[in-house]
Amino acid sequence: MHAQSWPAVGSAQAASLADDWRIFTYAAIAVAVLVWGLILFAAVRFRRTRDNPAPRSQKDQNAPLEIAWTIGPLILVIALFVVTLRIENTVEARTAAPAARITVNAYRWGWTFSYRDGPTIDGTSNDPPEMVLPVGETTAFRVTSSDVVHSFWIPDMLFKRDAVPGRVSEFDLTPTKEGTFLGRCGEFCGLNHALMTFRVRVVSPPGYQRWLKYEAAQ
Amino acid sequence: MKTALVLFISSALFTGIIGTAYWFVAHEPAGTMLLGFMTAALLVVAAYMIFAERDADLYADRKDATMPDAAGEHVGTYVTHSPAPFWIGVALTGVMLGFVVSPAAAGVGILALLFLGALMIVRSR
Amino acid sequence: MSAIAEPRVTAPERHDILSWITTTDHKRIGVLYMATTLMFMAVAGLLAVAIRTQLARPGSELISPHGYNQIFTLHGTAMIFLVIAPFALGLANYLVPLQVGAPDMAFPRLNATSYWMFLFGGLTVFAGAASNEGAASAGWTSYAPLSEITISTGLGQDFWIVGLAMVSVASIMTAVNFVTTTFIHRAPGMTMWRIPIFTWEMVATSLLIFMAFPSLTATLLLLFVDRRLGGHVFDPSFGGSPILYQHLFWFFGHPEVYVLILPYFGVVSEVISTFSGRPLFGYTGMVLAAFAIAGLSMGVWAHHMFTTGAVNNPFFAFVSFLIAVPTGIKFFNWICTMWGGSIRYTAAMLYAVGFLMNFLLGGVTGVMVASPPLDFQAQDSYFVVAHFHYTIGGGSMFALFAAIYYWWPKIYGWRLDERLGKINFWLTFVGFNVTFLPMFFMGVFGMPRRIYTYSGEGALPLLNLVATAGAYLMLLAAVVFVANIVISARRRDPAGDNPWHGYTLEWATSSPPPEHNFHRLPPIRSARPLFNIEHPEADQS
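This is the structure in structure tokens:
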């Protein structure tokens, strides 16, 4: 099972989320390299030495410069906001006809996955529950909790949604890679928070149908 | 004092605008109420400054004031010690622990407060 | 011009323990605050070493799950409420009256009361460790329903609530004191636009405390009502709302982190300016940026709730992105202050430059997590842990040490050893980055926060081991720091009034200052009164 290293980016939503990661990481690195560069340059170039015994001037204002470094970053963050908004809308889009519907109930310390037209799977840390999903098709999720706030997190899909008691939260996931992925609880929930894992096994659509039939026969 | 007033009014304006925008964007009551109370609280301070401090003229605000300008005869005596703060701390702790642990702790707190009161009465004689 | 009467000292300064317990002198209260916070920092730091030791290897059984939950709860609670914030309040207590030319704070007895409430409140939080089920263990954020009585059944949580309520009220009282002192008790000629940048940052911090801490006090009270007085405010089985808890908590919680940084922005500004030999560049812009940050920070709280699906993510993302602009302004102003200067690298200046390097990374990763789609992975993972440690640890804590090295000679009249100070800096800087840089990757790789162990697959074991090594380096740095204090205390190398050649008013009096602060104040004609004395021909403002 793929776990605890570079995310597999195993869903359509994750592909958009990975775009967000890429854009923001490049922007962060660019800004950081520029500003670190300026800091280090100033820190080294203007050290007190025999050639630089005293400050060159006591000038402490430059209105055009100050305006420029206000407007520049403002434009940058507005651009980043537009990018963010577009990606979030893409990721949170819902489909009218999902291939499957699963209700997830988190509790201390395990998970129950109730398929609307399928089995109910339950498990705790000793025997983590395994959810089976068809690749290339969209599954609609409804997430809630029966005690404290938990969070339904699949790192390889770059996505989590909090499981809040008294609330039902809905989203879609469209897996794009077959395999078994680790799921975790992403909100501190007490003693066994660290062990509250689950599995997501993504299979081909025929494999998914076979699994449904197998579960129905149990 | 003008700077201080500008500070409170612009803060109130800011939270007022954000709170209004928040209501229309999110329709979420908790955050809107919090921002609304914030705006009101800042306006209370601003109102005080306008009505009660409008004639304030501090030597501090005059660009060319000198120390002798503000000097006078006996301006006041600075208090450098007081037993009250420590005992208030002890008393309040007792009361708060009373909520958690037992009324006995609150009793200790109240006794400390009474001791403090007595001490202050004796000292002021 | 009439002569000024010399202040009449009616009693000599006392040095016995009782005089410290009953003091209302802002300088002593400042020292009490700072010394107390350093004690809490030692404890919270050891708790962090325990955390890192437990996480060095997967499946480690050094610390039990319940013990671990108490440890990280106390670590976070102490570092935020009992170390970083009150150290700044203590430093400001010491400095603000000196910087504005006042003999004390506006309300000296209220000032002292705040200190004792802070001390007893902090001790109360820790006292929970001795209670029936140990200390609070629901995290420093103490989310409901986890912190409700049905789940957190022990008294430790109640000790936490009550202790923090006292600290919260004490902070509000201190903020009132700062604002009043700064508005009313400035010396003649010290207009608002001539006060030092540190004092301006404290005004902004105090405004934030007014606006944010009442929400904390209310949230603590409501949680207590739920736990002990039969309430169901946050209990969904009776119609209460866990989301409401998060709104109320984070409405306080986010401004709180700006309370944790703004004073330290002020420290860095003062230190960089003095050791570059140049005035702070863009003083007006720095002041406006401080208030822009403070104001905007009131409107971003639910970026801590992006993954709940219960809040309007775009609104909070937008305002969170905006905060990067005034923060960037400050960075550029600091760089321009150094530019063209003649920089002396004392321990304080090294820590200030270290602050710039670290906080930059904290800041840009903050813009990253302000993007909800990115936050869907990063929230509650080690990515966020890395982000906030870079800002609070690499930022505030580094500036805290800069402040100690910078103002120690003023407070005590003798210097800390500079060579040990530089060794301390490099150990801290290297150790800090070795600890927290890997955590960005740990988060992306799927490691949640607040877990006492993890499995041995993938990259996590190696990354965690590296992080733990860094923590031990920082422990060594702390030992060097303590050794510095002990060795320098024996040597007592006299510092003089103005060892660093600073230009603000605190350097215009003796080290340590007399009880009433100034025997004689210089004329105040600009933001750098001592510079004007040195250079009478220069421009005044």
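Residue numbers (our numbering), protein chains in the order written: chain A, 1 to 218; chain B, 1001 to 1125; chain C, 2001 to 2541. For each residue, glycine too, the CB sits at the ideal point set by N, CA and C.
Burial state of residue i, where buried means 16 or more other Cβ atoms lie within 10 Å
{"i": "B/D1061", "result": "buried"}
{"i": "C/I2487", "result": "exposed"}
{"i": "C/H2389", "result": "buried"}
{"i": "A/A217", "result": "exposed"}
{"i": "B/Y968", "result": "Summary: the structure shown does not reach residue 968 of chain B, with chain B confined to residues 1001 through 1125, and so no result is reported for it."}
{"i": "A/Y26", "result": "exposed"}
{"i": "C/I2524", "result": "buried"}
{"i": "C/F2081", "result": "buried"}
{"i": "B/F1051", "result": "exposed"}
{"i": "B/A1012", "result": "buried"}
{"i": "C/Y2351", "result": "buried"}
{"i": "A/R199", "result": "buried"}
{"i": "C/L2220", "result": "buried"}
{"i": "C/N2484", "result": "buried"}
{"i": "A/W6", "result": "exposed"}
{"i": "C/S2541", "result": "Bear in mind that a pLDDT of 49 at C/S2541, under 50, signals an unreliable position, so the model cannot answer this."}
{"i": "A/H150", "result": "buried"}
Residue i, enclosing alpha helix (DSSP H) - first and last residue
{"i": "C/R2228", "result": "2197-2228"}
{"i": "A/D162", "result": "Taken as a continuous stretch (DSSP letters only), A/D162 belongs to no alpha helix (DSSP H), being part of the beta strand (DSSP E) at 159-163."}
{"i": "B/W1087", "result": "1084-1100"}
{"i": "A/E88", "result": "63-91"}
{"i": "C/I2029", "result": "2026-2054"}
{"i": "B/W1023", "result": "1002-1026"}
{"i": "C/T2391", "result": "2382-2391"}
{"i": "C/T2365", "result": "2347-2369"}
{"i": "A/D147", "result": "Careful: A/D147 lies outside any alpha helix (DSSP H) and carries neither H nor E."}
{"i": "A/S11", "result": "That residue, A/S11, is in no alpha helix (DSSP H); it is neither H nor E in DSSP."}
Per-residue DSSP class, three states only, for residue i
{"i": "A/F131", "result": "The sequence shown places Met at residue 131 of chain A, not Phe. Strand, per DSSP."}
{"i": "C/A2136", "result": "coil"}
{"i": "A/V219", "result": "An answer regarding residue 219 of chain A cannot be provided, because it is not within the stretch 1 to 218 covered by chain A."}
{"i": "C/W2339", "result": "coil"}
{"i": "A/W153", "result": "strand"}
{"i": "C/E2270", "result": "helix"}
{"i": "C/H2185", "result": "coil"}
{"i": "C/R2525", "result": "coil"}
{"i": "B/A1056", "result": "coil"}
{"i": "C/G2241", "result": "According to the sequence shown, residue 2241 of chain C is Ser rather than Gly. Correct three-state label for C/S2241: coil."}
{"i": "A/T139", "result": "strand"}
{"i": "C/P2494", "result": "strand"}
{"i": "C/L2146", "result": "coil"}
{"i": "C/G2067", "result": "helix"}
{"i": "A/W111", "result": "strand"}
{"i": "C/R2194", "result": "helix"}
{"i": "B/G1107", "result": "helix"}
{"i": "C/S2152", "result": "coil"}
{"i": "A/G179", "result": "strand"}
{"i": "C/D2104", "result": "coil"}
{"i": "A/H193", "result": "helix"}
{"i": "C/T2113", "result": "helix"}
Residue i: first and last residue of the uninterrupted beta strand (DSSP E) it sits in
{"i": "C/G2295", "result": "Element bounds for C/G2295: not the beta strand (DSSP E) but the alpha helix (DSSP H), 2283-2297."}
{"i": "A/A106", "result": "100-107"}
Chain A contact residues for residue i, given Cβ-Cβ distances below 8 Å
{"i": "C/G2354", "result": "In chain order: nothing, as chain A lies at least about 10 Å away."}
{"i": "C/F2445", "result": "Q4, S5, W6, P7, P155"}
{"i": "C/H2066", "result": "L191"}
Contacts of residue i in chain C (Cβ-Cβ under 7 Å)
{"i": "A/S57", "result": "G2340"}
{"i": "A/W69", "result": "G2328, I2329, F2332"}
{"i": "B/A1070", "result": "P2188"}
{"i": "B/P1083", "result": "T2022"}
Interface partners of residue i on chain A, CB under 7 Å
{"i": "C/G2226", "result": "As written in the sequence, residue 2226 of chain C is Asp, which differs from the Gly given in the question. Within chain A, no residue comes near C/D2226; the closest Cβ sits about 13 Å away, beyond 7 Å."}
{"i": "C/V2325", "result": "T70, P73, L74, V77"}
{"i": "C/T2307", "result": "S151, K160, R161, D162"}
{"i": "C/D2380", "result": "S151, G186, E187"}
Any chain D beta carbon closer than 8 Å to residue i
{"i": "A/P73", "result": "Structure shown: chain D not included; protein chains present are A, B and C."}
Chain B residues whose Cβ lies nearer than 8 Å to that of residue i
{"i": "C/S2215", "result": "L1034"}
Closer than 9 Å at the beta carbon, the chain C residues around residue i
{"i": "B/R1062", "result": "P2188, G2189, T2191"}
Identify every run of the alpha helix (DSSP H) within the region 2406-2463 of chain C, keeping only runs that are complete inside it and at least 4 residues long; order them along the chain.
Those alpha helix (DSSP H) runs which fall completely within the region 2406-2463 of chain C and span 4+ residues are 2418-2444.
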